[in-house]
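Read the structure below first, then the notes.
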């Protein structure tokens with residue numbers, strides 16, 4: 003009995019010491035007032051690094067601290083879980099679906115409660131109703147992706163007036179932090195690829211550059227088409243405006259297919275076109291029109307986003323859509339939730355944070371997006 007009591011007493015003492023260390027570590031993270039590393043906590047508390055790591059891991063599992071991607075720890079010092087709102091078209095293009103799915107995944111690992119609301123891209127009443135719902139729930143941070151820029155300004159104005167911090171995705175709007183494409187640079191990558199194609203395949207001889215546009219998109223997104231012209235000129239030299247064709251495909255596959263088919267029928271056989279597509283749906287539609295008209299030898303297309311439909315078209319042998327600039331929407335969620343944490347903790351952020359861009363073509367697409375093995 004005496005031995006058992008002694009062991010029990012030692013166990014309680016060890017547990018108390020562990021608890022005391024855990025509280026010291028939690029207090030050190032809280033008092034820092036900023037994200038801290040394991041090394042900083044070790045120096046502050048004098049506790050061995052391994053013990054700090056184990057106790058921080060336990061605190062993270064129990065929801066007392068949050069570890070960001072750069073392995074720094076934030077204290078969760080509020081009683082309720084922080085609420086992040088996401089208002090956007092949640093269905094439609096693969097790009098929108100992948101962004102939404104990535105945010106949902108990241109939120110489940112971040113300590114945020116997530117409230118996702120579906121906006122139709124041109125429905126102002128629903129968009130504003132969703133913003134009011136987020137304000138009623140006292141959202142700490144709101145993220146929104148609104149393809150129609152005028153509606154985005156309405157949403158931003160309401161959030162700004164309510165004092166709620168917000169992140170805008172793909173369309174920068176005053177008052178918020180921007181995350182998404184560096185549209186000008188993404189367009190320039192496409193233009194350089196088109197210029198290199200014309201130089202290598204056609205000895206630099208072509209008739210026109212076609213900018214396949216989405217006129218409802220905001221001015222920032224239109225910058226990718228301006229960047230495309232700059233990229234073509236960097237490779238091939240001066241390009242007169244008379245050799246630039248603006249074609250509105252409304253950023254959709256069907257309307258872009260029809261617009262490209264109509265254009266092709268007005269041109270003489272053998273006319274060579276370099277086409278910069280607004281996004282993958284519009285570029286795939288254009289490629290389908292080119293294929294139907296039997297003009298794949300005369301037309302080259304570079305797209306934007308490199309989502310599933312664009313990658314599938316690139317992989318088709320002989321397709322005139324030979325490359326797409328990747329935006330990696332499946333990675334958006336992790337970065338957005340890191341930014342949301344920074345806003346919630348009043349940490350400084352730059353006014354714009356950009357996703358990575360890589361030109362994907364038939365040579366490298368499988369390195370970034372391996373196709374799953376098909377079993378017989």
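In my numbering, the protein residues as written are 3 to 378. Here a beta-carbon is modelled for each residue, glycine too, at the ideal position from N, C-alpha and C.
| Asked | Found |
| --- | --- |
| Looking at the structure shown, is residue 184 part of a helix, part of a strand, or coil, going by DSSP? | coil |
| Considering residue 160, what are the terminal residues of the alpha helix (DSSP H) in which it resides? | 151 to 164 |
| Tell me which same chain residues have a C-beta within less than 8 Å of the C-beta of residue 20, skipping the five on either side of it? | 57 |
| Indicate whether the contact test is met: 3 or more Cβ pairs, each with one atom in the region 118 to 126 and one in the region 172 to 187, closer than 8 Å. | no |
| Which runs of the beta strand (DSSP E) at least 3 residues long sit entirely within the region 252 to 299? Give them in chain order. | 275 to 279 |
| Quick one: Cα of residue 191 to Cα of residue 215, how far? | 17 Å |
| Could you name the residues of the same chain whose beta carbon sits closer than 7 Å to that of residue 78, not counting the 5 residues immediately before and after it, in chain order? | 65, 66, 67, 68 and 113 |
| Measuring straight from C-alpha to C-alpha, what distance separates residue 338 and residue 209? | 42 Å |
| Name the two residues that bound the continuous alpha helix (DSSP H) containing residue 363. | Not the alpha helix (DSSP H): residue 363 falls in the beta strand (DSSP E), residues 360 to 363. |
| Hey, out of 278, 357 and 349, whose CA is closest to residue 195's CA? | 278 |
| How is residue 169 classed by DSSP in three states: helix, strand or coil? | strand |
| Just checking: is the beta-carbon of residue 57 within a distance shorter than 7 Å of some beta-carbon in chain D? | Absent from the structure: chain D. Only one protein chain is present. |
| Is residue 329 helix, strand or coil when you go by DSSP? | coil |
| Thinking C-alpha only, which one of 50, 93, 231 and 42 is nearest residue 73? | 42 |
| Hey, quick one: how far does the beta strand (DSSP E) through residue 367 stretch, first residue to last? | Counting along the chain, residue 367 falls outside any beta strand (DSSP E), though it belongs to the alpha helix (DSSP H) covering 367 to 370. |
| Pull up the DSSP beta-bridge partners for residue 355, would you. | 181 |
| Spatial neighbours of residue 171 within its chain, please: C-beta separation below 6 Å, excluding the five flanking residues on both sides. | 147, 181 and 182 |
| Please look up how many angstroms separate the CB atoms of residue 90 and residue 98, rounded, as I've assumed it's under 8 Å. | 7 Å |
| Hey, how far is the Cα of residue 81 from the Cα of residue 61? | Any reading at residue 81 is ruled out, since the residue's pLDDT is 45, under 50, leaving its predicted position unreliable. |
| Among residues of its own chain, excluding the 5 on either side of residue 360, which ones have a beta-carbon nearer than 6 Å to its beta-carbon? | 328 |
| Could you check how far apart the C-beta atoms of residue 86 and residue 145 are, in whole angstroms? I think they sit under 8 Å. | 7 Å |
| For the candidate residues 230, 280 and 24, whose alpha-carbon lies nearest to that of residue 197? | 230 |
| Compute the beta-carbon to beta-carbon distance between residue 316 and residue 325, rounded to the nearest angstrom, for a pair I have assumed lies under 8 Å. | 7 Å |
| Less than 7 Å between the beta carbons of residue 100 and residue 283, yes or no? | no |
| Below 6 Å CB to CB, which residues in the same chain sit around residue 186 once its five sequence neighbours on both sides are set aside? | 225 and 229 |
| Classify residue 280: buried if its beta carbon has 16 or more other beta carbons within 10 angstroms, exposed otherwise. | buried |
| What's the gap between the Cα of residue 310 and the Cα of residue 25? | 48 Å |
| Can you tell which of 306, 243 and 260 has its C-alpha closest to the C-alpha of residue 292? | 260 |
| Whose CA, out of 133, 294, 334 and 287, lies closest to the CA of residue 256? | 287 |
| Enumerate in chain order the residues of its own chain whose CB-to-CB distance from residue 342 is below 6 Å, with the five nearest sequence positions on each side excluded. | 86 and 143 |
| Give the DSSP bridge partners of residue 145, in chain order. | 88 and 169 |
| Going by DSSP, what residues sit across from residue 75 in a beta bridge? | 38 and 69 |
| Along the alpha helix (DSSP H) that carries residue 105, what are the first and last residues, could you check? | 96 to 112 |
| Go ahead and pull the three-state DSSP assignment for residue 199. | helix |
| When DSSP labels each residue in this structure, what does residue 21 get in the three-state scheme? | helix |
| Which same chain residues end up closer than 8 Å to residue 156 when comparing Cβ atoms and leaving out the 5 residues on each side of it in sequence? | 126, 129 and 130 |
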